[in-house]
Amino acid sequence: MARLIKQRDLVLGKSPGSLVFIGNQKIDFTTLRIIDYNKSSLEELERLHFHDIPDISLDDNIRWLSIYGLHDTELIDDIGGYFTIHPLILEDIVNTGQRPKIEEYDDHVFVVIKIVRFNAEEQKVNSDQLSLLAGPDYLLSFHEQPIDVFKPLRERLRKPKSRLRENNVGYLLYAILDTVVDNYLAAIESLGGRIEDLEDMVLEDPDPEVLDRITKYKREINFLRKTIHPARDLVMRIGRLETGLILEPVIPFLKDLQDHMTQAEESLETYREMLTDQLNTYHTTVSYKLNDIMKVLTIFAAIFIPLTFIAGIYGTNFQYLPELQFKYSYFIFWAILILVALGMLRYFKKKGWL
Amino acid sequence: MARLIKQRDLVLGKSPGSLVFIGNQKIDFTTLRIIDYNKSSLEELERLHFHDIPDISLDDNIRWLSIYGLHDTELIDDIGGYFTIHPLILEDIVNTGQRPKIEEYDDHVFVVIKIVRFNAEEQKVNSDQLSLLAGPDYLLSFHEQPIDVFKPLRERLRKPKSRLRENNVGYLLYAILDTVVDNYLAAIESLGGRIEDLEDMVLEDPDPEVLDRITKYKREINFLRKTIHPARDLVMRIGRLETGLILEPVIPFLKDLQDHMTQAEESLETYREMLTDQLNTYHTTVSYKLNDIMKVLTIFAAIFIPLTFIAGIYGTNFQYLPELQFKYSYFIFWAILILVALGMLRYFKKKGWL
Amino acid sequence: MARLIKQRDLVLGKSPGSLVFIGNQKIDFTTLRIIDYNKSSLEELERLHFHDIPDISLDDNIRWLSIYGLHDTELIDDIGGYFTIHPLILEDIVNTGQRPKIEEYDDHVFVVIKIVRFNAEEQKVNSDQLSLLAGPDYLLSFHEQPIDVFKPLRERLRKPKSRLRENNVGYLLYAILDTVVDNYLAAIESLGGRIEDLEDMVLEDPDPEVLDRITKYKREINFLRKTIHPARDLVMRIGRLETGLILEPVIPFLKDLQDHMTQAEESLETYREMLTDQLNTYHTTVSYKLNDIMKVLTIFAAIFIPLTFIAGIYGTNFQYLPELQFKYSYFIFWAILILVALGMLRYFKKKGWL
Amino acid sequence: MARLIKQRDLVLGKSPGSLVFIGNQKIDFTTLRIIDYNKSSLEELERLHFHDIPDISLDDNIRWLSIYGLHDTELIDDIGGYFTIHPLILEDIVNTGQRPKIEEYDDHVFVVIKIVRFNAEEQKVNSDQLSLLAGPDYLLSFHEQPIDVFKPLRERLRKPKSRLRENNVGYLLYAILDTVVDNYLAAIESLGGRIEDLEDMVLEDPDPEVLDRITKYKREINFLRKTIHPARDLVMRIGRLETGLILEPVIPFLKDLQDHMTQAEESLETYREMLTDQLNTYHTTVSYKLNDIMKVLTIFAAIFIPLTFIAGIYGTNFQYLPELQFKYSYFIFWAILILVALGMLRYFKKKGWL
Amino acid sequence: MARLIKQRDLVLGKSPGSLVFIGNQKIDFTTLRIIDYNKSSLEELERLHFHDIPDISLDDNIRWLSIYGLHDTELIDDIGGYFTIHPLILEDIVNTGQRPKIEEYDDHVFVVIKIVRFNAEEQKVNSDQLSLLAGPDYLLSFHEQPIDVFKPLRERLRKPKSRLRENNVGYLLYAILDTVVDNYLAAIESLGGRIEDLEDMVLEDPDPEVLDRITKYKREINFLRKTIHPARDLVMRIGRLETGLILEPVIPFLKDLQDHMTQAEESLETYREMLTDQLNTYHTTVSYKLNDIMKVLTIFAAIFIPLTFIAGIYGTNFQYLPELQFKYSYFIFWAILILVALGMLRYFKKKGWL
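Those sequence lines, one after another, are chains A, B, C, D and E. For the first sequence, the working numbering begins at 93 and goes up steadily by one. For the second sequence, the working numbering begins at 93 and goes up steadily by one. For the third sequence, the working numbering begins at 93 and goes up steadily by one. For the fourth sequence, the working numbering begins at 93 and goes up steadily by one. For the fifth sequence, the working numbering begins at 93 and goes up steadily by one.
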């Protein structure tokens with residue numbers, strides 16, 4: 093989990109709307125990827141500079157412009173100028189600590205959402221900010237780094253008769269969000285599998301390593317919750333947009349998306365409760381094990397300390413100690429020791445400690 | 093409890109509406125069972141293939157078509173084509189990880205709900221997905237495996253003057269849901285009985301076996317809660333459907349059903365609190381037992397360690413150790429030992445440890 | 093506390109509205125008690141069979157018919173036929189596991205509520221189901237067993253100028269509910285008194301007996317909460333009935349009743365928090381006592397184990413052990429022992445353990 | 093904290109509206125204090141009997157009649173008759189276990205509220221019931237005992253040009269409530285100061301005395317919360333009364349009063365959380381101290397028990413024990429003892445226990 | 093964290109609206125700072141007395157009058173008289189224990205909010221009350237002490253073409269609140285960084301110092317929460333003011349401000365949960381460490397106590413003790429000791445304690 097609020101001091105006192113990149117620069121160069129498509133044709137381009145991009149060639153074309161890398165604020169400024177985007181939107185795009193949200197403007201919609209991936213090696217969830225700006229015939233996507241989660245989506249787009257090609261920008265926006273939410277579910281499943289693996293370990297072998305993992309996963313689950321929860325609101329509101337972006341046939345797909353979000357949140361809740369239960373079980377099992385340890389100690393101490401005492405008595409050097417002279421004393425002494433030991437054992441058996 | 097999200101990676105990146113069976117295939121062949129009935133007649137059929145099924149013979153007949161086994165996606169596709177069902181509905185039917193829900197369409201209603209059964213042997217709750225599609229004169233039910241929970245329902249249906257025969261598809265839908273909810277209550281009662289049995293064990297004999305069972309039952313209760321809770325919403329909304337499916341006289345029966353759902357949820361809540369209390373009691377009892385163990389250890393140690401020390405002194409080999417020469421030393425020595433022991437016992441009695 | 097869901101398997105698969113008595117049969121015979129009254133006259137009857145009951149003799153008479161004992165489903169069926177009661181209401185009456193509720197019909201109101209009594213001997217709360225059916229000129233009350241909580245009410249009814257005689261069936265209904273709620277408050281007070289008695293015991297003498305009582309009372313408080321909470325809703329809704337049952341002057345009395353319900357719920361909440369606090373205090377006190385025990389053990393062990401070691405050294409049989417020969421060795425030895433012991437005591441005093 | 097429900101059995105089965113004093117009689121005689129005032133004049137009287145009180149002499153006079161002592165139900169009945177008060181209001185006045193509330197009638201308003209005072213000596217919060225009945229030109233206040241919290245208010249009233257004299261009964265009602273709420277804040281501050289004093293003690297010296305105080309203060313805070321919470325609702329509703337009692341210029345003062353109530357509730361919440369945190373800290377500190385104790389025990393035991401064992405070996409009387417004969421044995425023996433001890437110390441240092 | 097309710101007894105019984113300074117006097121002299129500005133010009137002044145301030149010289153000028161130091165109630169009274177401010181507002185300004193709030197009047201808006209700063213040295217959050225009164229062409233700001241958080245704001249104001257200069261008083265009000273909220277985020281980040289640093293320490297080295305810091309930070313987080321939460325409400329309501337203060341173009345900036353507030357609250361919530369988790373982990377780790385300590389003790393005791401006992405037996409002085417005479421007894425004795433020790437070690441290995 094990254095720091096929650098990033099480099100706040102960079103903007104402290106600055107005028108709102110100032111473009112300052114806040115985040116970790118994850119790639120060296122900003123890349124621009126363009127897909128121009130309509131029902132019959134599709135063209136793909138990749139450029140490094142904004143002024144290298146040609147205008148849309150056909151009237152009914154939809155342009156999907158992906159910007160990978162957000163540290164080049166000058167480029168962002170250029171794009172903002174070209175598409176006349178409000179300075180506060182541009183500030184939100186480069187400030188990667190944004191809360192997921194949707195904002196509706198006259199002819200375009202602005203969406204900020206997080207893409208998450210479960211890093212199996214480090215066992216943690218990584219997140220990147222994805223900003224989307226959907227206009228009547230274009231969709232701009234701003235990514236922190238080149239992510240290939242949209243590869244299957246681009247492939248579906250290349251197929252001439254696909255639903256993506258037959259529909260408007262609103263459907264493309266839906267399809268992107270659907271991919272994002274599918275990745276949420278995949279991340280939750282990966283993390284969840286590891287949490288379920290802990291179940292037995294907690295009861296049988298509660299060592300600090302297990303506690304460490306419970307704590308770690310809890311943090312990741314909380315991070316996912318914080319990331320996903322506002323996205324749900326966003327998905328809910330997308331169906332109620334007043335711009336003509338979302339057409340009638342997309343509505344059932346959006347409801348399906350909402351179902352997935354609900355499922356994601358419920359799974360998170362389940363895993364969260366599971367972790368809380370595991371923590372309680374851990375704690376209780378540790379307490380129980382202590383009893384076990386103490387029983388062993390008490391049994392040993394309570395049996396041998398009295399015996400040692402008895403042996404100690406006949407180790408004294410009193411001049412006149414009658415028992416010592418008697419021939420069978422030593423054997424009687426042993427008999428007493430054994431009787432005491434047996435008495436103790438019986439006592440602990442009765443207590444249920446053996 | 094099964095994995096909560098199943099095989100998500102199978103659909104990652106697929107276009108929404110693709111038919112992919114997600115779940116555990118529980119039977120080999122898909123079976124189709126048909127009941128055609130009206131007030132005066134009833135006909136039953138069982139087929140393996142969809143194209144073997146005859147059309148409805150009489151105009152006022154209601155057809156209840158049950159499909160057991162969901163892995164045969166081709167068959168599901170055929171049925172979907174015949175009844176013109178939206179691809180997203182078909183996807184929900186074969187994806188058995190659905191959340192219970194109700195969706196209203198122009199002339200039919202789609203319901204997803206879970207059937208639960210308490211498996212007494214494994215002491216866990218099993219669940220199967222049941223999808224219902226109710227149209228003006230037909231009801232399709234999609235089951236994961238042949239379940240006999242609807243056997244009493246079919247028998248009531250065979251009786252000529254039964255309420256089922258006198259009413260429309262809406263009443264059949266209600267009757268199926270009523271059976272499902274009755275099974276919820278039965279499962280809760282079975283699980284609840286076992287939870288109540290734990291009550292005394294927790295206080296008297298808190299061993300890890302008990303903790304294991306508390307943890308296990310808690311998981312099952314949570315699973316039931318997750319399963320039943322969205323079903324309640326569903327039952328609430330069924331009375332407010334705008335299709336003409338639910339007729340006036342069915343309303344009081346639906347209210348009765350809602351009461352049962354409320355009762356189910358309250359019982360679950362009660363058992364959940366009971367388990368939380370048991371866990372607390374377990375923990376507290378374990379703590380208390382530790383005190384008990386430590387008291388025994390402390391009493392033994394505190395009595396015999398000083399005595400052993402005294403014996404140790406007279407075991408030393410000092411050349412000049414006056415007490416050793418005196419004739420009654422040994423008896424005085426014993427007197428001191430006994431006095432010390434009695435003093436200790438009195439001290440612990442005062443402390444309330446004996 | 094009784095089982096929460098009773099004999100569910102008796103009705104599993106049965107058609108809704110079937111009359112099956114669910115509960116514990118508490119009396120042998122069902123008894124019928126009738127009070128016919130108006131402003132000027134009052135007549136009382138007691139019968140064993142429904143057909144022995146005469147019709148109401150005067151036009152402005154109000155009839156209060158009490159049925160004690162619900163296992164005679166045939167009788168309930170007869171009454172249902174005579175007063176044309178919906179089969180689902182009859183089912184609710186004989187199924188004593190109902191949730192408190194109010195249902196409004198065209199010309200009558202159906203109320204299910206629980207009567208509770210604190211059984212001082214067993215220290216538990218017993219509850220019985222009371223079903224009320226209030227029509228324009230009659231009130232039917234169905235009880236599980238002959239309960240005398242309504243004795244003072246009947247006596248007030250016998251007084252010619254009492255408010256009960258001057259008002260309609262709605263006021264009688266209010267008066268019955270008022271008695272029920274007064275009994276709630278009395279039960280809470282009885283239980284609460286016992287809970288308050290625990291306060292000091294928890295801090296001073298936390299033994300398993302106290303834990304047992306906390307657990308027990310918590311269960312009873314939860315049972316009361318579950319019983320009383322839905323009744324509050326019922327009382328709230330009774331003032332908003334659209335049947336002409338509740339007349340204007342009864343409204344302030346109903347508000348007073350609502351106040352009592354609120355008071356009952358708040359008291360329950362208070363006692364519940366008190367029990368939770370007691371449990372925490374119990375747990376914390378047990379922990380603290382363990383510290384106390386361990387301090388005693390540690391002090392004894394840490395003082396006498398080193399001393400015993402020193403004594404052990406001079407108990408060795410080394411041929412050449414210089415200290416042993418010296419005449420004052422033994423006294424120096426004692427001096428060392430005492431110094432070590434004093435040093436230890438000082439150390440523990442500094443630690444604050446003495 | 094007093095018993096929450098008082099002498100319920102006194103009224104069990106009584107007709108609602110019966111005047112029975114419920115509470116602890118705190119004074120011997122009921123006293124009546126009258127202040128008649130208008131803009132220009134003010135008259136004060138004190139009487140023991142209601143019939144000794146003269147009628148209001150001037151038309152524009154406002155009468156504030158204070159009744160101290162509620163056990164004289166006959167007097168209350170007289171006053172009820174004179175001002176035509178509903179019997180349920182009179183019942184509420186003498187039953188001092190009322191929940192704070194406000195009730196609006198045609199031309200008067202009835203308010204029940206609690207006055208609290210922090211008793212520094214017993215370190216507990218005492219409360220008395222105050223009932224207010226405000227009509228067009230009179231305000232009746234019913235107190236359990238003569239309380240001097242209204243002394244500053246009376247003094248402000250005696251000043252000719254004060255806001256109290258210039259305004260109507262509604263402002264007097266506000267001023268009384270303002271005094272009550274100021275006393276809430278004062279009580280919270282007193283209690284809060286004591287709670288803040290506990291902060292350091294919990295961490296440094298967690299003994300049962302501290303636990304006792306935490307528990308005690310928690311109870312008092314809960315009592316205050318229960319007392320103050322419904323009063324907030326009351327204050328909120330007073331501004332929305334439909335009687336002409338509250339005039340326009342009083343509205344900002346009422347909003348100020350609401351702010352104070354909110355502040356009181358937030359402070360209570362803060363102190364409550366503080367106590368919960370203290371309890372947790374107490375518990376955790378006690379656990380930690382146990383570790384400390386056990387470390388000391390373990391270090392002592394683990395160092396001296398092996399040493400004692402070694403000494404024990406050379407205390408055996410074996411005929412043939414080669415080491416004993418050797419001249420430097422004793423010194424080698426000591427060297428071994430010291431080496432073992434140093435090894436142990438190092439081991440514990442590595443473990444971080446020293 | 094300062095006392096939550098301050099010097100309540102100073103105002104107990106006083107008439108509402110009396111000017112009494114409640115707070116800690118943080119500076120000696122009250123200072124007045126004036127900025128008069130419009131699109132083209134800007135003038136700055138600093139005065140010690142209110143009557144030294146000239147009237148606004150130009151018609152379209154906006155005056156920002158900052159008052160530093162609130163103990164000079166006479167001055168506050170003068171300003172109140174000049175701007176005709178309601179006495180309750182003046183009371184709120186000098187009483188620094190106010191809850192953040194916004195109040196709307198005919199032609200001006202009154203805002204109370206807290207400025208917070210994280211004091212890195214004392215590791216605590218300090219807060220000062222800031223009161224703002226915004227009229228058509230003036231904004232009064234009342235501060236407890238000269239704070240330089242507004243320095244960057246004043247500098248932006250001095251730039252001729254800045255957004256501040258182009259807009260009305262409403263934008264200045266927004267800009268001040270934006271600065272305040274930015275300071276919230278900075279304080280949260282500072283505190284949060286320290287909380288995140290604790291994460292590892294809790295698991296590895298849970299000593300009372302760590303517990304102390306967790307407790308301390310929890311208190312600070314709670315203090316921030318209490319301070320910030322009502323400010324959110326305030327920010328929400330500022331966009332809905334009916335005075336013409338907030339013009340259309342400022343709305344998106346206010347939404348941005350609301351986003352920041354939401355972000356602040358969510359971060360606080362995250363850190364709060366983190367601290368709770370840390371406390372649990374601390375507690376659980378301490379429990380686990382106790383097990384570790386006890387294992388060491390038990391292993392040492394259980395191995396050496398039996399060995400010492402065996403040695404003790406052969407230290408007895410029985411006349412007839414056959415084993416002692418035998419030549420190889422001592423070596424057999426050692427063999428037995430080693431066997432017992434190895435047996436013990438194996439037993440503990442099997443238990444998993446080694």
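Just so you know, even glycine gets a beta-carbon here, dropped at the ideal spot from N, CA and C. A quick note: this is a predicted structure, and the numbers were derived from the prediction, not measured.
Quick one: which chain B residues come within Cβ less than 9 Å of residue i?
i	result
R209(C)	Correct list: empty, because the minimum Cβ distance to chain B is about 21 Å.
Are the beta-carbon atoms belonging to residue i and residue j less than 8 Å from one another?
i	j	result
Y160(A)	L249(A)	no
P398(E)	F401(A)	no
L277(D)	L224(D)	no
V273(B)	I154(B)	no
Considering only DSSP beta bridges, list what residue i is partnered with.
i	result
E195(E)	F202(E)
L222(A)	I205(A) and H235(A)
In chain C, which residues lie less than 7 Å from residue i when you measure between Cβ atoms?
i	result
N372(B)	L371
V108(D)	Per the sequence shown, residue 108(D) should be read as Pro rather than Val. What P108(D) touches in chain C: D270, F345 and D348.
Consider the Cβ of residue i: report whether some Cβ of chain D lies at a distance smaller than 8 Å.
i	result
T335(E)	no
H141(C)	no
Show which residues of chain B have a CB atom less than 8 Å away from the CB atom of residue i.
i	result
Y406(C)	T408, N409 and F410
So what does DSSP say about residue i, is it helix, strand or coil?
i	result
W445(B)	coil
T123(A)	strand
K216(B)	strand
Hey, does residue i have any beta-carbon neighbour from chain E nearer than 8 Å?
i	result
R257(D)	no
F396(A)	yes
Y380(D)	yes
For a contact defined as C-beta to C-beta under 7 Å, what are the partners of residue i on chain D?
i	result
V217(E)	Near V217(E) there are no residues of chain D at all, since even the closest Cβ is about 15 Å away, more than 7 Å.
Taking 8 Å as the threshold (beta carbon to beta carbon), is residue i in contact with chain A?
i	result
Q417(B)	yes
N383(B)	no
Say whether chain B places a C-beta atom closer than 8 Å to the C-beta of residue i.
i	result
M328(A)	no
Can you find a C-beta in chain C that's less than 8 Å from the C-beta of residue i?
i	result
Q350(B)	no
Give me the chain C residues within the contact set of residue i, using Cβ-Cβ distance strictly less than 9 Å, ordered along the chain.
i	result
L295(B)	P300, L303, D304 and T307
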